[in-house]
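No gaps in the numbering here: position 143 of the sequence shown is 143 in UniProt numbering, and each next residue is one more. Yeah, the Cβ is synthetic: ideal placement off N, Cα and C, and Gly gets one too. One structure below.
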Amino acid sequence: MDGNDLKELRELVEFLKASGVEEFEMERPDLKVGLKFAGETPVAAAAPAGFDMAQLAALMAAQRGSAPAPVAVAAPVASAPAAAVPAAEVDPHAGAHIVKSPIVGTFYDAPSPDAEVFVKVGDQVEAGKVLCIVEAMKLMNEIESDAAGEIVKVLVKPGQPVEYGQPLFAIKAR
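Structure, rendered in structure tokens:
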């Protein structure tokens, strides 16, 4: 990959970010690009009018002198302009503290399959309260709350694999 290719790739990434695209894949005989953007999406979540990823792929292919490759895109779709959507609908947990997984492993909401869950939506918790277990390499790691408040959302399901830094719970301060 030469300097021009890197420049084109950087421009493509910036264009996709600005357009609110969450995931993008493109494949050519000499290059395969797969992008998945994590975190917050841009304020303008809807793609600009006339935005066509197939057209973008065709333009890039024409520039390289090759046939366009298949493109798979998952872009956010909005029924109204992003500015018209109330903030509460965009992020119902805005202002909530997010408890994240400190390790990679498997999420469990109870100490054993037949036991009561540690916490559920609506429970009041104090800092230091055990919220769940993340199993990693046969070790059961208790994950404690690092904030006091009300559990407003459990963001993962029991038995689900979790990544480092993945949100587990949303807690609203009292």
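Quick one: grab the DSSP three-state call for residue i.
i: Leu-31; result: strand
i: Glu-11; result: helix
i: Lys-17; result: helix
i: Ala-110; result: coil
i: Glu-116; result: coil
i: Ala-173; result: coil
Could you say which of the options lies nearest to residue i if we only look at CA atoms?
i: Val-117; options: Tyr-108, Gln-124 and Val-125; result: Tyr-108
i: Gly-149; options: Leu-35, Gly-159, Leu-155 and Ala-170; result: Ala-170
i: Asp-146; options: Val-152, Gly-128, Lys-153 and Met-137; result: Gly-128
i: Leu-16; options: Gly-34, Asp-30 and Val-152; result: Gly-34
i: Asp-123; options: Met-140, Ser-112, Ile-143 and Lys-153; result: Lys-153
i: Gly-105; options: Lys-36, Gly-20 and Glu-163; result: Glu-163
Which residue comes first and which comes last in the beta strand (DSSP E) that contains residue i?
i: Ala-136; result: 130–136
i: Leu-139; result: 139–144
i: Lys-153; result: 149–154
i: Ile-103; result: Where Ile-103 is concerned, there is no enclosing beta strand (DSSP E), given that its DSSP letter is neither H nor E.
Suppose the cutoff is 7 Å on Cβ atoms and the five residues either side in sequence are ignored; what does the same chain contact list for residue i look like?
i: Lys-100; result: Gly-165, Gln-166, Pro-167 and Leu-168
i: Cys-132; result: Phe-107, Tyr-108, Asp-109, Phe-118, Ile-143 and Leu-168
Is residue i near the ligand MN, judged by its Cβ being under 7 Å from some heavy atom?
i: Gly-105; result: Of ligands this structure carries none, so the ligand MN is not represented either.
Is the CB of residue i under 8 Å away from at least one CB in chain D?
i: Phe-118; result: Absent from the structure: chain D. Only one protein chain is present.
Distance, Cα to Cα, residue i vs residue j?
i: Ala-173; j: Gln-160; result: 26 Å
i: Met-26; j: Val-119; result: 43 Å
i: Val-134; j: Leu-31; result: 38 Å
i: Val-121; j: Ile-151; result: 5 Å
i: Ala-87; j: Glu-22; result: Because Ala-87 carries a pLDDT of 47, less than 50, the predicted location of this residue cannot be relied on, and the following value inherits that uncertainty. Approximately 19 Å between the Cα atoms of the pair.
i: Val-130; j: Ala-94; result: 23 Å
i: Lys-138; j: Arg-28; result: 42 Å
i: Phe-24; j: Val-13; result: 9 Å
i: Leu-9; j: Ala-136; result: 37 Å
i: Ser-112; j: Met-140; result: 11 Å
i: Lys-7; j: Leu-155; result: 38 Å
i: Val-125; j: Ala-96; result: 14 Å
i: Lys-36; j: Ala-115; result: 37 Å
Spatial neighbours of residue i within its chain, please: CB distance less than 8 Å, with the 5 preceding and 5 following residues excluded, ordered by chain position.
i: Lys-157; result: Phe-107
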